[in-house]
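*Asks:* I am attaching a structure below and will ask some questions about it afterwards.
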Amino acid sequence: MSENILLKLTNKHPVGVYSVCTASGPVIKASLEFAKENGSILVVEATANQVNQFGGYTNMTPSDYREFVYDIAHDVGFDPSRIVLGGDHLGPLTWTDKDEAEAMALASTLVYEYAKAGYTKIHLDTSMKVASDSASEPLSNTIIAQRSCELAKAALRGYNALKESNPDAVFPVFIIGSEVPIPGGAQEAEESLAVTTVEDFMTTYLVFKDVYQKENMMKVFNHVIAIVVQPGVEFGDSDLFIYQRENAKKLTTALKENFETLNFEGHSTDYQTPSALREMVEDGITILKVGPALTFAYREVLFALSEIERILFSTPSHLPDVLEKAMLDNPKNWEKHYHGNTHELAFKRKYSYSDRARYYLPVPEVDTAIQTLIHNLESIDIPETLLSQYLPYQYRHVKDGLITKHPHDLISDYIKLYLADYEYATQSAKL
Numbered sequence: 001m002s003e004n005i006l007l008k009l010t011n012k013h014p015v016g017v018y019s020v021c022t023a024s025g026p027v028i029k030a031s032l033e034f035a036k037e038n039g040s041i042l043v044v045e046a047t048a049n050q051v052n053q054f055g056g057y058t059n060m061t062p063s064d065y066r067e068f069v070y071d072i073a074h075d076v077g078f079d080p081s082r083i084v085l086g087g088d089h090l091g092p093l094t095w096t097d098k099d100e101a102e103a104m105a106l107a108s109t110l111v112y113e114y115a116k117a118g119y120t121k122i123h124l125d126t127s128m129k130v131a132s133d134s135a136s137e138p139l140s141n142t143i144i145a146q147r148s149c150e151l152a153k154a155a156l157r158g159y160n161a162l163k164e165s166n167p168d169a170v171f172p173v174f175i176i177g178s179e180v181p182i183p184g185g186a187q188e189a190e191e192s193l194a195v196t197t198v199e200d201f202m203t204t205y206l207v208f209k210d211v212y213q214k215e216n217m218m219k220v221f222n223h224v225i226a227i228v229v230q231p232g233v234e235f236g237d238s239d240l241f242i243y244q245r246e247n248a249k250k251l252t253t254a255l256k257e258n259f260e261t262l263n264f265e266g267h268s269t270d271y272q273t274p275s276a277l278r279e280m281v282e283d284g285i286t287i288l289k290v291g292p293a294l295t296f297a298y299r300e301v302l303f304a305l306s307e308i309e310r311i312l313f314s315t316p317s318h319l320p321d322v323l324e325k326a327m328l329d330n331p332k333n334w335e336k337h338y339h340g341n342t343h344e345l346a347f348k349r350k351y352s353y354s355d356r357a358r359y360y361l362p363v364p365e366v367d368t369a370i371q372t373l374i375h376n377l378e379s380i381d382i383p384e385t386l387l388s389q390y391l392p393y394q395y396r397h398v399k400d401g402l403i404t405k406h407p408h409d410l411i412s413d414y415i416k417l418y419l420a421d422y423e424y425a426t427q428s429a430k431l
């Protein structure tokens, strides 16, 4: 059995990994290309609502998503053994309307399927209440830990099933933590952000360890490499909370003083500055999750290309208008996240940090518009002056001979600008 490369992470050395949390093909392609160029591994993760045993909103099971990522890796020429597949927020997240028995049975199947499909980074998240839980009482750490341990057993069963066909299968590492931001960014504007207290962090660790020990599950607990905490980092509709090292100092000091190999995992690190991301890694937050910022970048470059197309073609794709119509026709993926008058909502649908537009890019009519946009632009030689106007960084890279003017090259190169911040921060090629 090969050792899981993420076991090399330690809070004592400022080397980490960034985890690309997305089901966007162009974003995964750019990420794999970037990792190949830098000689690093790539962690790619799917969330429980995105990919599950019923298909999730992407209509992919865990094994489908694995093949989806591997197919892109094959096209890019990236060694699949250098890909770490992760499952994020695995638990009863999408079944909170069920009672405990049913929700946990569904969550156990979910985790089993992820482990059996060869995912080697498993985030067990049982922090959310289910229908049978008290509405007025918070979930205790013990209940959260017991439910987590139940899911860990499912992961072990899934891994053992995988080993029957693949004796060399890598044993997963696990992430725990009950203070987890809502997947995809905050729903409401916040005035300030409370950092996880040292007491809450240590209590979580000790309660989980006690429960896992009593259940004879130390094989899994010994592979818990990180705890999810809130270090004061988040993004909302139009707000960013940039990492303030001093505000998190008690928390990060407690980690370094009490543990050698345990790390923190930072969620919602999207849109942080490169220096803030670097400080996070130096402070022991060695796993940086990013998702919406990358699809935000993808949407940005598509809009820039559509401006170029609008100038050059009498019958352009009208991508921004097609996207807007799709979002208005089916508002369920943005209406709980965006608030305001008609003008404000129209702005947020396109330009919000929350990037709810990402849910609509795979919609058939939107995808058709994207393909029309790309087809139009690949049929001509894009004037460099227009690249300079709308994509100035890519213009420089074209002039320097680093990329071509093909729209796929321009798209990938644009997304890599965001990825570069994470490679700078994590130095993952050194892992």
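At position 12 of the sequence shown the residue is numbered 12 (the UniProt record's numbering), and the sequence of numbers has no breaks. Virtual Cβ for every residue (Gly too), placed ideally from N, Cα, C.
Over the uninterrupted alpha helix (DSSP H) stretch that includes Ser306, give me the two end residues.
*Replies:* 292 to 312
*Asks:* In or out: Gln394 buried (at least 16 other Cβ within 10 Å) or exposed?
*Replies:* buried
*Asks:* Going by DSSP, what residue range makes up the alpha helix (DSSP H) through residue 438?
*Replies:* A query on residue 438 cannot be resolved here, the shown segment of the chain reaching from 1 to 431 and no further.
*Asks:* Rounding to the nearest angstrom, what Cα-Cα distance links Glu265 and Leu288 in this structure?
*Replies:* 6 Å
*Asks:* Is the CB-CB distance between residue 432 and Ala115 below 8 Å?
*Replies:* Outside the modelled stretch of the chain, which goes from 1 to 431, sits residue 432, for which no answer is possible.
*Asks:* Could you check what DSSP says for Phe78 in three-state terms: helix, strand or coil?
*Replies:* It is coil, neither helix nor strand.
*Asks:* Between the alpha carbons of Phe296 and Lys214, how many angstroms are there, rounded?
*Replies:* 45 Å
*Asks:* Rounded to whole angstroms, how far is the Cβ of Val27 from the Cβ of Val20, which I believe are closer than 8 Å?
*Replies:* 7 Å
*Asks:* Could you tell me the alpha carbon to alpha carbon distance between Ala145 and Leu312, rounded to whole angstroms?
*Replies:* Between Ala145 and Leu312, the alpha-carbon positions lie close to 59 Å from each other.
*Asks:* Are the region 246 to 253 and the region 273 to 290 in contact at 8 Å, needing three or more beta carbon pairs?
*Replies:* yes
*Asks:* Pair every Cβ in the region 199 to 209 with every Cβ in the region 129 to 142, then say whether three or more of these pairs are closer than 8 Å.
*Replies:* yes
*Asks:* Starting from Ile19, follow its DSSP beta bridges and name the residues at the other end.
*Replies:* The question names Ile, but residue 19 is Ser in the sequence shown. Val43, Lys289.
*Asks:* When the distance is taken between beta carbons, is Leu262 closer than 8 Å to Ile227?
*Replies:* yes
*Asks:* Does Pro181 come out as helix, strand or coil in the three-state DSSP assignment?
*Replies:* Note on Pro181: pLDDT 48, under 50, position unreliable in the model; the coordinate value appears next. Pro181: coil per DSSP, three-state reduction.
*Asks:* Which of the three DSSP states, helix, strand or coil, is assigned to Ala226?
*Replies:* strand
*Asks:* Determine the direct distance from the alpha carbon of Gly236 to that of Ala189, and round the result to whole angstroms.
*Replies:* For Ala189, the pLDDT reaches just 49, beneath the cut-off of 50, and the residue's location in the model is therefore unreliable, although a value from the coordinates is still provided. So the alpha carbons of these two residues sit roughly 6 Å apart.
*Asks:* Could you give the first and the last residue of the continuous alpha helix (DSSP H) run that contains Asn376?
*Replies:* 364 to 378
*Asks:* Leaving aside the five residues before and after Gly25 along the sequence, list all residues of the same chain whose C-beta is less than 7 Å from its C-beta, in chain order.
*Replies:* Cβ neighbours of Gly25 beyond the five flanking positions: Ile72.
*Asks:* Determine the direct distance from the alpha carbon of Leu323 to that of Gln342, and round the result to whole angstroms.
*Replies:* Reading off the sequence shown, one finds Thr at residue 342, where the question assumed Gln. Their Cα atoms are separated by approximately 17 Å.
*Asks:* May I ask you to list the residues that DSSP assigns as paired with Asp88?
*Replies:* Thr47
*Asks:* Closer than 7 Å to a non-hydrogen atom of the ligand FAD - does that hold for the CB of Leu377?
*Replies:* With respect to the ligand FAD, the structure shown offers nothing to examine, as it has no ligands at all.
*Asks:* Grab the span of the beta strand (DSSP E) containing Lys121 for me, first residue to last.
*Replies:* 121 to 124
*Asks:* If we call anything under 8 Å between Cβ atoms a contact, is Ala46 one with Ala23?
*Replies:* yes
*Asks:* Below 8 Å CB to CB, which residues in the same chain sit around Glu279 once its five sequence neighbours on both sides are set aside?
*Replies:* Listed in chain order, the non-local C-beta contacts of Glu279 below 8 Å within the same chain comprise Tyr243, Arg245, local neighbours out to five positions each way being set aside.
*Asks:* Mark Ala329 as exposed unless 16 or more other C-beta atoms lie within 10 angstroms of its C-beta, in which case mark it buried.
*Replies:* According to the sequence as given, residue 329 is Asp; it is not Ala. By the C-beta density criterion, Asp329 is exposed, having fewer than 16 other C-beta atoms within 10 angstroms.
*Asks:* Let me know if Ala155 comes out buried or exposed under the rule of 16 or more other beta-carbons within 10 Å of its beta-carbon.
*Replies:* buried
*Asks:* With Glu164 as the anchor, note down where its alpha helix (DSSP H) starts and where it stops.
*Replies:* Where Glu164 is concerned, the enclosing alpha helix (DSSP H) starts and stops at 141 to 165.
*Asks:* In angstroms, rounded to a whole number, what distance separates the CA positions of Pro80 and Ile175?
*Replies:* 22 Å
*Asks:* Between Leu151 and Gly118, how many whole angstroms is the CB-CB distance? I'm expecting something under 8 Å.
*Replies:* Contact between Leu151 and Gly118 is absent: CB atoms are separated by about 17 Å, not below the 8 Å threshold.
*Asks:* Are there 16 or more other CB atoms within 10 angstroms of the CB of Ile308, so buried, or fewer, so exposed?
*Replies:* buried
*Asks:* Give the straight-line distance between the Cα atoms of Asp400 and Tyr65, rounded to the nearest whole angstrom.
*Replies:* 36 Å
*Asks:* Can you tell me which of the three DSSP states Phe347 falls into?
*Replies:* In the structure shown, the three-state DSSP call for Phe347 is helix.
*Asks:* Are the beta-carbon atoms of Val111 and Cys149 separated by less than 8 Å?
*Replies:* Inclusion of Val111 and Cys149 in the CB contact set at 8 Å is not warranted, their separation being larger than that value.
*Asks:* Using CA coordinates, which residue listed in Tyr353, Ile225, Leu124 is at the minimum distance from Phe259?
*Replies:* Checked all of Tyr353, Ile225, Leu124; the closest Cα to Phe259 is Ile225.
*Asks:* Whole angstroms is fine: what's the gap from Ala420's alpha carbon to Val220's?
*Replies:* 33 Å
*Asks:* Excluding the 5 residues flanking Pro407 on each side, which residues of the same chain have their C-beta closer than 7 Å to its C-beta?
*Replies:* Excluding positions up to five away in sequence, the list reads Leu305, Ile374, Leu377, Glu378.
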